[in-house]
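Here the sequence shown is numbered in the working numbering, starting from 114 and rising by one per residue.
First the structure, in the form of structure tokens, and then the observations on it.
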Amino acid sequence: MRFMTVRAVSIMASLFVGALPSELFAWHDRTHLAIAEAAGFDLWYSAAAPDVAKSKVQFTAIESPNHYYNNEAGRKVDASMVLDQVERYNRPGDQEGHLYGAIIGSVKAFRTLRKTGKYARYPLVFCAHYIGDISIPLHNTPYYEFNRARHSINDGVIDGGVRDSVASIRQRMRPIVIRNEEDFALEIARVAESGRELGLKMRSENRDMTPGEAYIQVIRSASLLKAVLAYAEHPPEEGQATSSKP
Numbered sequence: 114m115r116f117m118t119v120r121a122v123s124i125m126a127s128l129f130v131g132a133l134p135s136e137l138f139a140w141h142d143r144t145h146l147a148i149a150e151a152a153g154f155d156l157w158y159s160a161a162a163p164d165v166a167k168s169k170v171q172f173t174a175i176e177s178p179n180h181y182y183n184n185e186a187g188r189k190v191d192a193s194m195v196l197d198q199v200e201r202y203n204r205p206g207d208q209e210g211h212l213y214g215a216i217i218g219s220v221k222a223f224r225t226l227r228k229t230g231k232y233a234r235y236p237l238v239f240c241a242h243y244i245g246d247i248s249i250p251l252h253n254t255p256y257y258e259f260n261r262a263r264h265s266i267n268d269g270v271i272d273g274g275v276r277d278s279v280a281s282i283r284q285r286m287r288p289i290v291i292r293n294e295e296d297f298a299l300e301i302a303r304v305a306e307s308g309r310e311l312g313l314k315m316r317s318e319n320r321d322m323t324p325g326e327a328y329i330q331v332i333r334s335a336s337l338l339k340a341v342l343a344y345a346e347h348p349p350e351e352g353q354a355t356s357s358k359p
């Protein structure tokens, strides 16, 4: 993205922020930290930072759409949907959101910055956060009344004890190998679709997530993040086998 002054970002925010959801939640902080630590991310302690960034009004219009996708069409999430969102990464005021593309976009940003010889790992912090967000059911469904009313309580359903469960999460993670961008998009779609399906089930049953359901989603995010970190820093050779569908 081209360099933007704080004043320019502030002007954009004033134009777009009113069109975005007024309450922008995610897994609460400890849950994001647990996902990143279980995945073996050395900067796991920074995994909640993207939510801190989007809480500043001058960055809300740019950063917030990276955290959700309002799937109003009710489409099953597939690899093509993910790839279609990549060019929207960091696009301000995108009311629909582009969480799936933001994951790939942040890895691209890491690789681009690394080529300059500068410290390049902060885009991976954003990536880790976004990968946590895609397992959240209500980040994959439209921001309607049910979503607004239940968003915060569901994001915090396991937050109180999740930091004590990192080892358990790690033991239950599944192995994933990502060879290329197509594999990357497919794995993102699998986790996102699991979240979308759970979100629809919760709405149809008019209920919140159970702790058990939340842990299953967290394990999916942690499994994906571990694979993405390996892919981002050390892309495997073409021809290696990918994981099977869970």
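The beta carbon of each residue, even a glycine, is placed where N, CA and C say it ideally should be.
Would you identify the three-state DSSP class for residue i, choosing helix, strand or coil?
{"i": "M322", "result": "coil"}
{"i": "F297", "result": "helix"}
{"i": "P134", "result": "Reliability fails at P134, whose pLDDT of 40 lies under 50, so the model's placement of it is uncertain and no value is given."}
{"i": "S248", "result": "coil"}
{"i": "P288", "result": "coil"}
{"i": "P255", "result": "coil"}
{"i": "P236", "result": "helix"}
{"i": "A345", "result": "helix"}
{"i": "G64", "result": "Examination of residue 64 is not possible in this model, given that the chain is present from 114 through 359 alone."}
{"i": "H264", "result": "helix"}
{"i": "H242", "result": "helix"}
{"i": "G371", "result": "Outside the modelled stretch of the chain, which goes from 114 to 359, sits residue 371, for which no answer is possible."}
{"i": "G312", "result": "helix"}
{"i": "K231", "result": "coil"}
Contact defined as beta carbons within less than 8 angstroms: I believe residue i pairs with residue j. What is the distance between those atoms, to the nearest angstrom?
{"i": "L337", "j": "F154", "result": "Actually they are not in contact, since the Cβ atoms of L337 and F154 sit about 12 angstroms apart, beyond 8 angstroms."}
{"i": "A151", "j": "H145", "result": "In fact, because the Cβ distance is near 11 angstroms, the residues do not count as touching under 8 angstroms."}
{"i": "P163", "j": "R204", "result": "Actually they are not in contact, since the Cβ atoms of P163 and R204 sit about 16 angstroms apart, beyond 8 angstroms."}
{"i": "V199", "j": "G218", "result": "6 angstroms"}
{"i": "D277", "j": "Y181", "result": "Rounded, the Cβ-Cβ distance is 28 angstroms, inconsistent with contact."}
Might you give, ordered along the chain, the residues of its own chain that have their beta carbon closer than 7 angstroms to the beta carbon of residue i, omitting 5 neighbours on each side?
{"i": "E326", "result": "L311"}
{"i": "P324", "result": "V270 and I271"}
{"i": "A233", "result": "F223, L226 and R227"}
{"i": "S317", "result": "none"}
{"i": "I332", "result": "I282, R285 and M286"}
{"i": "L313", "result": "T254"}
{"i": "F259", "result": "R316"}
{"i": "L137", "result": "Confidence at L137 is low in this model, with a pLDDT of 49, below 50, so the placement of that residue should be treated as unreliable; the coordinate-derived value is given next. These residues qualify, in order along the chain: K167, S177 and H180."}
{"i": "E295", "result": "A192"}
Indicate whether at least one CB of chain E lies closer than 7 angstroms to the CB of residue i.
{"i": "E300", "result": "Protein chain content of the structure displayed is limited to a single chain, and chain E is not contained in it."}
Shortest alpha-carbon distance to residue i belongs to which of the options?
{"i": "H211", "options": "Y257, S307, I301 and R316", "result": "I301"}
{"i": "D268", "options": "P250, N183, Q284 and A280", "result": "P250"}
{"i": "W157", "options": "K228, N184 and R143", "result": "R143"}
{"i": "A215", "options": "I244, R263, D191 and K189", "result": "I244"}
{"i": "N184", "options": "Y213, F172, L237 and Q171", "result": "Y213"}
{"i": "A298", "options": "Y344, S159, M315 and K169", "result": "Y344"}
{"i": "V190", "options": "E306, T173, P348 and R320", "result": "E306"}
{"i": "Y328", "options": "V279, V195, K339 and C240", "result": "V279"}
{"i": "Y235", "options": "S159, Q330 and E346", "result": "S159"}
{"i": "A335", "options": "C240, R309 and E209", "result": "C240"}
Could you pull out every residue in the same chain whose Cβ sits closer than 6 angstroms to the Cβ of residue i, ignoring the five residues on either side in sequence?
{"i": "E176", "result": "A166 and K167"}
* **Runs of alpha helix (DSSP H) lying entirely within the region 145-211, each at least 4 residues, in chain order** => 162-167, 170-176 and 192-198
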